Amino acid sequence: MTLLLAIDDVRVSYRSDHGLLHAVDGVALEVAAGTTVGLVGESGSGKSTLAKAIVGLAPVTRGAIRHRGVDVSRARGVQLKRLRQSVQLVFQDPYSSLNPRLTIGQLLAEPLIEHFPLSRSARQREVVQLLELVGLSAGDADRYPFQFSGGQRQRVAIARALAVKPELVIADEITSALDVSVQATILNLLRDLQRETGVAFLFISHNLAVVRYLAQQIAVMHLGQVVEVAPAQELFAAPRHPYTKALVDSVPRLHRRDGRSARVEGDLPDPQDPPAGCRFHTRCPVGPLVDPQRTLCLTQDPHAGATARPHRAACHYVPETSEELSNAAGDRSRA
Amino acid sequence: MPARANLTAAMPWIRFLGWRAARFAAGAAFLVVIAFAMIQVIPGDPVRASLGTDAQPQVVELRRHELHLDRSLPVQFGYYVRDLAHGDFGSSIQTGESVSTVIRERLPNTAELAGVAIAFALLLGIPLGLLVGAWTRSGRRRGTELTFALGTGTVTAIPEYLMGTLLVAVFGLSLGVLPAAGKAGPDSFVLPALALALPPACFLARIVRLETVSVLGREYMTTARSKQLPTRILYLRHAVPNIMTGALTIAGLVFGALLGGSVIVENVFNWPGIGTAVVGAILTKDYPIVQACVLVLGLMILAVSTLVDVALVLLNPRLASLTGS
Amino acid sequence: MARLRTRAGIVLGSPTGLAAALLAVCFVAIAIVGPSIWGEAAMRIDPAGAYHGPSGGAWLGTDGLGRDVLARTLAATRLSLELALAATAIAVVLGVPLGAAAGIVGPRMQRTIGTAISFGLALPGMLVALVLVTIIGPGSLGATVAIGVALAPTFARTAQTLAASIAESEYLAAARVLGVGRRRLLLRYVLPNTAEPLLLQTGVAGSLALVLISGLSFLGLGVQAPSYDWGRVLNEGVDALYTTPSAALGPGAAIVLAGLMFTFMGEALARSMNPLLRIGAAGRCSGRLAAAAASPAGPALDAGPAGADLATVRVQDLHVSFPGGSGRREAVAGVSFEIRPGEIVGVVGESGSGKSMTALAIAGLLPANAQATTARLEFQGTDLARCSPRERRRLLGTSLAVIFQDPMSSLNPAVRVGRQLAEKLEIHAGMSRGDALARAEQRLAQTHLPAARRRLRQYPHEFSGGMRQRAMIAMGLMTDPALIVADEPTTALDVTVQAQILDLLREINRRSGTAILFISHDLAVVTELCTRVLVMYAGRIVEALDTTALDRAAHPYTRALLETVVDLESDPEQPLATIPGRPPTIERPAAGCPFAPRCAEATDHCRVETPALVPLGDPQHLAACWARPAGTVATDRAPLEVGCE
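Each protein sequence line maps, in turn, to chains A, B and C. Just so we're aligned: 197 in our numbering is position 183 of the first sequence, and the numbers increase by one with no gaps anywhere. Just so we're aligned: 133 in our numbering is position 87 of the second sequence, and the numbers increase by one with no gaps anywhere. Just so we're aligned: 589 in our numbering is position 572 of the third sequence, and the numbers increase by one with no gaps anywhere.
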């Protein structure tokens with residue numbers, strides 16, 4: 015499988031009044047062509063910042079982002095343009111990501127004008143095709159964004175991203191601002207699009223259930239770091255990192271038999287000043303708060319030692335033996 | 047650890063006050079430079095321009111020497127700043143009289159008038175805005191809203207000199223109830239202060255009304271209502287502090303404009319203040335007086351703006367944490 | 018699709034725009050022909066006829082030199098308008114590029130320019146004008162340049178703010194990601210979005226320039242004799258004030274009217290740039306009231322089980338409506354239910370279902386323009402509709418607590434958290450400040466908020482979202498309420514924090530027996546926490562059942578909702594179930610069953626008559642669907658006003 019994108023130990027830092035904020039601090043991730051990789055995390059995890067860094071909207075201060083082997087993290091000019099033809103981004107808020115002064119047709123034509131030398135009529139045909147691809151109609155091209163609902167606007171945003179025929183589309187929380195029933199239609203659309211056009215997705219969301227539905231591979235982020243990466247089914251069947259476990263456990267369920275087993279204590283630490291050692295240790299349900307013998311969590315960042323297997327987790331006390339693994343799997347299936 | 051807690055609690059305050067004082071000082075310094083540079087930029091010889099072409103050469107030379115115009119630029123600036131530090135604003139080109147005396151006589155009059163006008167504007171504008179805002183929130187009483195908008199809109203459109211003229215014509219002349227000119231006793235304050243205060247008061251009322259309607263619709267007001275608090279506490283403790291933040295910010299700008307308008311109003315009412323002095327001085331090209339008046343007026347405005355900023359932070363301590371920008 | 022209105026159509030369509038256009042036409046006409054028609058009369062000196070009042074020959078009288086004031090005023094139009102426009106132009110040309118540059122250069126330059134602009138703004142125009150007039154010398158040129166420079170900072174500040182906000186806007190970022198070039202970005206994205214505020218500003222500046230230049234002329238510092246503008250004519254008229262007040266009236270009125278013209282023109286042109294207004298009334302929601310079917314009565318509540326009086330809340334036939342396009346719109350259309358002590362009742366629905374309004378109606382917190390009627394609204398046995406306001410306030414203040422969705426905005430940013438918690442007890446229980454604060458600390462600790470005492474003295478902005486929600490819960494617990502009304506309390510929170518808050522609510526319910534009314538759009542969350550679920554659609558309850566009975570949900574909408582939930586059991590291989598169509602907006606109330614347009618089982622009967630909420634075999638399970646029949650006893654509703662605020 016072709017590797018479209020390889021994120022290699024990337025750090026994105028911002029300077030603020032209180033010092034340096036590492037919104038993304040050493041992230042490694044891969045996206046293969048035609049697949050969907052899910053990126054989950056809560057507020058302060060840095061997932062949106064990572065998305066911006068990939069398309070050049072945020073500065074990469076360390077590490078490399080490789081597109082088909084070429085480092086594009088500091089791309090400029092022609093190289094940047096070529097990257098943009100291959101990797102696109104759809105934003106969360108359908109109300110502010112569309113220029114309110116342009117019609118839908120004009121909005122969709124913008125990327126076509128920049129990247130493809132087409133005649134006017136050819137362009138208009140392309141615009142109609144794009145509209146139909148996302149389930150809208152040709153007549154919508156003459157209307158303004160404010161005449162559409164949130165779900166429809168998000169479709170326009172998706173169509174616009176697809177206009178350059180990209181290989182990878184990053185969807186940054188694109189369903190979070192929508193009604194639950196509209197969310198389902200957008201998710202179905204993404205599935206169909208991948209099947210029809212073979213486009214890859216990097217699907218970013220805080221909603222685990224949605225990510226599980228769409229993605230084949232899932233990475234979990236916490237305070238700027240990736241704490242676990244696994245194939246989707248495995249992540250939910252046998253999560254390894256305590257944060258992942260707590261996250262999966264927190265997802266509301268229609269049919270929950272037992273109570274919650276893993277609870278996250280307290281509030282998110284200040285991203286400006288993350289805890290020393292493992293960043294999760296102040297809230298970890300199996301960490302030094304609960305088990306004082308686990309002092310390693312206080313001093314050493316497990317991130318550095320995370321093993322590079324298909325399923326890797328950044329924790330000092332991850333179950334290694336198959337026995338422990340199956341026990342964990344048993345817990346999950348009973349829940 | 048109460049002592050330590052108090053210090054860390056006071057830190058944002060100290061930072062803010064320091065920052066604000068520094069800004070004031072910078073502003074004042076800038077004004078000094080402008081006041082000084084003003085004269086230098088005038089084409090030709092300022093003294094001769096003031097005294098006219100048929101002035102006696104000796105007098106011209108004397109004035110030029112008094113103003114240090116025969117020295118180099120940095121030296122002149124040095125003299126200027128040194129004199130300022132001693133409260134010496136130089137001497138009038140026309141009369142040779144000490145400008146400091148002029149300022150000393152006239153500044154209190156301007157300050158008093160401006161003070162009364164600001165008080166009027168606040169006392170008229172803010173309560174009016176609050177009341178109408180409370181009455182017309184959530185789209186109630188459209189008629190009141192319209193009347194209010196038209197009324198205040200019309201008054202804000204009338205410039206102070208026109209307002210002054212109208213007031214004089216109606217109250218001073220036709221009805222003869224209030225003095226039409228000059229400063230003589232509390233009566234004479236009324237018309238000029240109103241002329242200065244009415245347009246800003248209406249403007250303030252409009253802004254305060256908008257703020258009130260906006261604040262009353264916020265979710266924390268619903269929370270406060272959910273506690274079934276008496277109306278008095280609802281408004282005074284919960285609504286007003288938030289309304290005043292927006293209102294004071296605008297008020298600060300309005301006061302600056304008011305002080306600027308006092309220049310004109312003083313001339314309409316023949317008020318013996320900085321305004322009348324500066325206009326006369328511009329017409330006779332008596333530059334030292336112009337310099338001094340501009341400097342003094344500018345400092346007054348900066349002082350008012352600083353006071354408003356401090357009042358804002360007192361009202362809403364959260365603003366102190368923001369790096370006073 | 019409705020045809021878009023033209024820009025001119027929008028300008029002339031509003032009262033201010035029309036007024037501006039008329040005034041502009043008049044003024045421009047007078048400005049053009051003025052000097053030729055009245056110029057001569059304006060300059061004709063007649064010492065004998067000085068200071069005469071209005072007469073046939075001179076409608077506004079004569080000034081000190083016997084000149085016709087009206088003629089002078091009219092002839093002065095051209096110069097006055099020209100100077101004002103020139104000054105405005107100077108202000109725009111100086112201010113806008115400076116401010117725009119400040120918005121897009123690096124941070125250090127930005128701060129320098131920003132400070133300079135702030136300083137320029139702090140000094141009033143008059144002061145700056147005086148300095149410049151001193152330098153350039155009194156006269157038309159001096160006055161115009163002076164006012165132009167004085168007004169530049171306002172444009173600079175507006176341009177800077179606009180540039181900064183557009184630079185940060187998401188649609189610009191999106192355009193950059195698409196690879197749109199610099200030139201297109203400027204022309205299609207930046208400029209059109211700056212037009213509105215800048216046009217508005219220009220109108221205001223024009224009016225201000227006119228007023229200020231006339232002011233300078235009035236002082237003698239502006240236009241010099243023999244030229245004359247309105248300010249100068251006014252100056253000459255002031256001398257005549259004692260004998261002919263009308264001499265001041267003419268130019269004064271001209272200044273005010275022209276000023277208004279500039280302001281209105283700016284407003285109207287700005288509005289014409291707004292694409293929202295280009296759609297005429299036909300293109301927007303029409304708001305025609307469909308024929309309202311007679312709303313059927315709810316199920317009988319007096320024939321309830323013994324001990325029904327112990328219900329914490331009993332609502333019968335609640336209606337909440339708002340003023341709309343033509344008539345009123347119903348957000349809640351006949352809702353009846355009860356909450357027993359210690360029960361956790363969940364209300365589920367999409368946006369527009371009326372679930373929030375129902376909760377607000379019970380808590381007495383409906384917005385001012387809402388109208389509510391109900392047959393019965395009992396809280397702990399007292400009918401809130403019929404009791405005295407004082408009794409109502411006491412009851413709701415002590416036995417009811419409310420938690421809202423957005424923790425960021427539901428606490429007052431200007432009042433300390435401790436105060437906000439304590440005041441409930443100070444008012445309703447007459448406690449001293451110290452005692453109330455002690456209780457507040459206790460309650461905060463109960464919500465697992467660390468360092469409770471320190472938190473009391475802090476302001477809400479020092480709390481995170483989860484902490485604020487805990488503070489809200491603590492605030493509700495202060496008076497040991499019988500009922501907590503929670504309107505989407507966890508929607509804005511991270512999922513792990515949501516889990517904590519849900520656990521907290523469950524703990525409170527278990528420990529103190531507090532009933533909870535939990536509103537959410539998330540069915541999964543509701544089933545986790547609640548014992549009973551009410552499903553709302555388009556202002557009505559369509560199904561009421563125990564959580565354990567969800568598998569046997571009867572109403573087609575409930576079943577559809579259950580199927581569209583994306584949870585950890587959804588099959589990734591299958592497409593997600595969706596409900597066709599969209600929920601009815603409050604603008605278009607439907608006739609018959611509101612769900613009929615989207616329902617697979619809808620019949621003609623469904624489209625005509627609204628089904629009543631009736632028990633299905635099990636008295637705890639009710640549904641409103643013609644396809645799920647059962648017997649019922651009807652009661653009549655008598656509308657009563659429920660006081661709001």
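All residues carry an ideal CB built from backbone N, CA and C; glycine is no exception. Predicted model, so just to flag it, every value in this text is computed and none were measured.
At a cut-off of 9 angstroms between C-beta atoms, ILE60 of chain B does not count as an interface residue with respect to chain C. Taking a contact to require three or more Cβ pairs closer than 8 angstroms, the segment 129-138 of chain C and the segment 104-111 of chain C do not qualify as touching.
Collapsing the DSSP output to three states places GLY52 of chain A in a strand. Closer than 9 angstroms to the CB of GLU586 of chain C there is at least one CB belonging to chain A. In this structure the segment 245-253 of chain A does not touch the segment 484-496 of chain C; the number of beta carbon pairs closer than 8 angstroms is below three. Considering only B:ALA163, B:VAL254, B:ILE347, B:LEU170, the residue with the shortest C-alpha distance to ARG183 of chain B is B:VAL254. Annotated as proximal: ARG169 of chain A and VAL148 of chain A, with beta-carbon spacing under 9 angstroms. When A:ARG297, A:LEU19, A:PRO285 are compared, the shortest CA-CA separation from VAL84 of chain A is found for A:LEU19. For ASN313 of chain B, the chain C residues whose C-beta falls within less than 7 angstroms of its own C-beta are LEU236, listed in chain order. Contact of LYS273 of chain B with chain C is assigned, a C-beta pair being separated by under 9 angstroms. Neighbourhood of VAL254 of chain B in chain C, by CB distance below 8 angstroms: empty, with the nearest CB roughly 16 angstroms away. The beta carbon of GLU545 of chain C sits closer than 7 angstroms to the beta carbons of LEU519 from its chain, once the five residues preceding and following it are set aside; these are given in chain order.
At least one CB of chain C lies nearer than 9 angstroms to the CB of LEU219 of chain B. Around the C-beta of VAL514 of chain C, 16 or more other C-beta atoms lie within 10 Å, and the residue is accordingly described as buried. Per DSSP, reduced to three states, the secondary structure at ILE88 of chain B is coil, with no helix or strand assignment.
Within 9 angstroms of the CB of PRO498 of chain C, no CB atom of chain B is found; the nearest one sits about 11 angstroms away. Under the DSSP assignment, GLU191 of chain B falls in the alpha helix (DSSP H) whose first and last residues are 188-203. Residue burial annotation: GLU284 of chain C is buried, with at least 16 other C-beta atoms found within 10 angstroms of its C-beta.
By the neighbour-count definition (other C-beta atoms within 10 Å, threshold 16), GLN422 of chain C is a buried residue.
Distance from the CA of ARG436 of chain C to the CA of ARG474 of chain C, rounded to the nearest whole angstrom, comes to 8 angstroms. Comparing alpha-carbon positions, the option among A:ALA191, A:GLY60, A:LEU112 lying closest to VAL241 of chain A turns out to be A:GLY60. Following the DSSP letters along the chain, one finds TYR126 of chain B inside the alpha helix (DSSP H) bounded by residues 119-131. GLU580 of chain C counts as exposed, since fewer than 16 other beta carbons sit within 10 angstroms of its beta carbon.
At a cut-off of 9 angstroms between C-beta atoms, THR513 of chain C counts as an interface residue with respect to chain A. Beta-bridge annotation (DSSP): SER146 of chain B is not paired with any residue. The continuous alpha helix (DSSP H) containing GLN459 of chain C extends over residues 450-463.
At a cut-off of 9 angstroms, the C-beta of SER110 of chain A has a neighbouring C-beta in chain C. Burial state of ASN316 of chain B is exposed, judged by a 10 Å Cβ sphere holding fewer than 16 other Cβ atoms. Residues of the same chain with their beta carbon placed closer than 7 angstroms to that of VAL432 of chain C are lacking, with the five preceding and five following residues left out of the count. Taking one beta carbon from each stretch, the segment 348-359 of chain C and the segment 222-241 of chain B have fewer than 3 pairs nearer than 8 angstroms; the two do not touch. Runs of the alpha helix (DSSP H) lying entirely within the segment 101-159 of chain A and spanning at least 4 residues, in chain order: 118-129, 134-147. In this structure the segment 208-220 of chain A does not lie against the segment 156-163 of chain A, because fewer than three pairs of beta carbons, one per stretch, are closer than 8 angstroms. The Cβ atoms of MET235 of chain A and LEU64 of chain A sit closer than 9 angstroms to each other.
Not one beta carbon of chain C lies nearer than 9 angstroms to the beta carbon of ALA37 of chain A. When C-beta distances to chain C are compared with 8 angstroms, the residues of the segment 273-302 of chain B below that value are LYS273, GLN274, LEU275, PRO276, ILE279, ARG283, HIS284, PRO287, ASN288, THR291, LEU299, GLY302, in chain order.
Using beta-carbon distances, MET484 of chain C counts as an interface residue toward chain A, with a partner under 9 angstroms.
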